[in-house]
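Just so you know, we're using full-length UniProt numbering here: the sequence shown kicks off at 1 and counts up by one. Backbone N, C-alpha and C fix where the C-beta goes; we use that ideal spot for every residue, glycine too. One structure is given here, and the rest of the page talks about it.
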Amino acid sequence: MILRELLSHLPKAVASGNLDHVAKGVTADSRKVKPGMVFVAIRGEESDGHKYIDSALKKGAVAIVAEAAPDADTSEKVVWIHSNDTRVALATIASALAGNPSAQLRTVGVTGTNGKTTTTFLLQHIMKQSWTRAGLLGTITVDDGVERTEATHTTPSADILQSQLGAMVGNGCRGVAMEVSSHGIEQKRIAAVQFDAAIFTNFSQDHLDYHGSMAAYFEVKKAFFASLPQQDGKKKPVAVINSDDLYGAKLVKELGEEFGDAIHIVTYGMGAHCDFKVTKIKQQVRGTEFQLDNRGKSYLVRTPFIGRFNVYNTLAAIAGAAAAGIKPRDAVKALAEAPQVPGRMELIGTREGVTVFVDYAHTPDALQNVCATLKDLGPNKLITVFGCGGDRDKIKRPLMAAVASEISDLCLITSDNPRSEDPDAIIKQIEAGMKSKAYRPIPDRDEAIRTAVNVASKGDIVLIAGKGHELYQELADEKVLFDDRRVARWALKDKPVAELDEEEKPRERSYDNFDRKDSSDFKRDKFSGDKSERRDGERPEYQRPEKYGERRVGEQGDKRGGDRRDSRGGDRGGERRDFRDGDRRDDRGGERRDFRGGDRRDSRGGDRRSFDDKRKDTNNEEK
1 MILRELLSHL PKAVASGNLD HVAKGVTADS RKVKPGMVFV AIRGEESDGH KYIDSALKKG
61 AVAIVAEAAP DADTSEKVVW IHSNDTRVAL ATIASALAGN PSAQLRTVGV TGTNGKTTTT
121 FLLQHIMKQS WTRAGLLGTI TVDDGVERTE ATHTTPSADI LQSQLGAMVG NGCRGVAMEV
181 SSHGIEQKRI AAVQFDAAIF TNFSQDHLDY HGSMAAYFEV KKAFFASLPQ QDGKKKPVAV
241 INSDDLYGAK LVKELGEEFG DAIHIVTYGM GAHCDFKVTK IKQQVRGTEF QLDNRGKSYL
301 VRTPFIGRFN VYNTLAAIAG AAAAGIKPRD AVKALAEAPQ VPGRMELIGT REGVTVFVDY
361 AHTPDALQNV CATLKDLGPN KLITVFGCGG DRDKIKRPLM AAVASEISDL CLITSDNPRS
421 EDPDAIIKQI EAGMKSKAYR PIPDRDEAIR TAVNVASKGD IVLIAGKGHE LYQELADEKV
481 LFDDRRVARW ALKDKPVAEL DEEEKPRERS YDNFDRKDSS DFKRDKFSGD KSERRDGERP
541 EYQRPEKYGE RRVGEQGDKR GGDRRDSRGG DRGGERRDFR DGDRRDDRGG ERRDFRGGDR
601 RDSRGGDRRS FDDKRKDTNN EEK
């Protein structure tokens, strides 16, 4: 596409230079510039893309889009396009170069604090059953209708997003279900996407480190829906809203007052006046069924998922599918064979009467819902393993502890993705909110998971919360392979089958007066055996340091726009300390036995690897 035609999509932009050049692509990352591409300079919170214009020119950029005026020398060398909002310009140019793909798809966006991933998985499944091919964009995966790849962000940058949507159109997809994060909304990554429908799942505390307050966080979510009437080329957009949620009801009211008939509002929930209303819920350990009432018709819905929150996710998917043109009866039929959503209330297995679940719950509300759901199944004990991510919302840490300890019989507090923070400091902040003495801090996540499974008795349920589908753990300046599900499977496989001593039988055990500093209560050796006897590779186990020092890193991605640089400014000097030499001491003061002799293996059986050189951004916006 020639620059003159491209400029027609930016009516408020002012250009200088030869507009007859051909634009071969667009990017906001100077490192990705290739000859003939347009470079868009974006001001991020931690880096300013205007600083890398010279770098982009040296790599052959055919045009620069910036919020600043060019200097005299630069204006003679290149086409300069001045825009008041380069984030919107990036999205608009990317959409134009991709052929405006969202206008050719039934596009449904899903936003909310929790439930986005499950809802989009279910929605895509319904679409595929009706249309054969449909796309998926979200936290876990990107599915372009032909190939599935691992996602790096819940909502990727605008240029990548439009390219992915273009691939879906090219592969014959008729629709797409996509997660829309608050970061994606505020940073205008979805500015040029035309939505047929937008779904609001729920709203609770998260991302306050970024948004500052709940009020500001809600306004960002609302902005997504407020943008719907301003779209071109789509029929009247549909807002599908969980009106049982306090903020959902607020959104229904405010959208109605501000936009009237410009937005068609559809509600779902358990309230009497919901357009999609659920009644008669029946839940079992391997699935749920309920009655759905819509427009005078009733449907019996059966899904392989458990939990009231998953009933809401299912309702959202059915209502969203209806907004995209799929009849409710077809959606209900498709959901009977819905796939397991990775790391979302995922049943890992059962051994010796102990059942293990893994879930992504990393907010107070999500953790409360998951714990309550499992408690409702009537276990002898509920044992919960959880932590909180580093460099993220610190306010929610004691809140997570409060809900977990209130519902669980035993909590093991461990590391999540500590990043640059000290794991022990994070755990101390979590401990401040514990409402019960029945807990123990175990910084090593592998050890915490194995301990939880080993101390569990017949009739107990173990919940491993926080990381869900993630295949890595972020430690200081690197990622290492780590998968909660694999560690849990190995822990179940390793769990001894020998009969317990009389005093250890489940009916007589209690964690009410559990001493978190007394490791003898866990009888680690009795449960686990001597791990030093393991043959190399027989039982792969994740290994990482107890504490995290610093290591030198190169340029890091600015996750909030512009060229991506180390968020702490420059290289972080200093050698990374290795705490594996010499005697290892645990947090209780005694000598800690190290069962990790031999080659170091990760939880999936392979060598421990660093992800640094892949230069792939973590999905930081969700955690």
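Rounded to whole angstroms, Ile442 and Gly387 show a C-alpha spacing of 10 Å.
By the neighbour-count criterion, in which 16 or more other beta carbons inside 10 Å mark a residue as buried, Val22 falls on the exposed side. DSSP places Glu150 inside the beta strand (DSSP E), whose first and last residues are Arg148 to Glu150. DSSP places Val33 in the coil class of the three-state scheme, outside both helix and strand. Around the beta carbon of Glu179, 16 or more other beta carbons sit within 10 angstroms, so the residue counts as buried. Shown here for Leu57: same chain residues with a beta carbon closer than 7 Å to its own, the five before and five after excluded, namely Lys77 and Val78 in chain order. Boundaries of the beta strand (DSSP E) around Leu347: Glu346 to Arg351. Taking the CA atoms as reference points, Val110 sits about 30 Å from Ala488. DSSP, read as helix, strand or coil, puts Glu470 in coil. In terms of Cα proximity to Glu45, the closest of Gln187, Val240 and Pro364 is Gln187. Listed as beta-bridge partners of Asn242 by DSSP are Tyr268. Beta-bridge annotation (DSSP): Ser157 is not paired with any residue. The criterion of a C-beta distance shorter than 7 Å is not satisfied by Val332 and Val278. Straight-line spacing of the CA atoms in Lys327 and Lys222 works out to 27 Å. Scanning the UniProt domain "Mur ligase C-terminal" (343 to 468) from its first residue to its last, the whole alpha helix (DSSP H) runs of 4-plus residues come out as 364 to 376, 396 to 407, 423 to 431 and 445 to 455. Counting along the chain, the unbroken alpha helix (DSSP H) around Gly184 starts and ends at Ser182 to Glu186. Shown here, Ala488 sits in a helix according to DSSP, grouped into three states. Shortest Cα-Cα distance from His469 to any of Thr107, Phe482, Leu251 and Ala366 involves Phe482. The C-beta distance from Thr139 to Ala151 rounds to 6 Å, short enough to meet the 8 Å contact threshold. The beta carbons of Leu90 and Ala28 sit closer together than 7 Å. Between the region 336 to 351 and the region 251 to 263 there are fewer than three C-beta pairs closer than 8 Å, too few to call the two in contact.
Taken through DSSP and simplified to helix, strand or coil, Ile93 comes out as helix. Annotation: Leu105 to Gly175 spans about 5 Å, alpha carbon to alpha carbon.
Taken through DSSP and simplified to helix, strand or coil, Ser298 comes out as strand. In terms of CA proximity to Ile199, Val108 leads the group Val462, Lys396 and Val108. Looking only at Gly296, Ser47, Leu292 and Pro379, the smallest Cα-Cα distance to Gly269 is reached by Leu292.
Ser30 sits buried, since 16 or more C-beta atoms from the chains shown fall within 10 Å of its C-beta.
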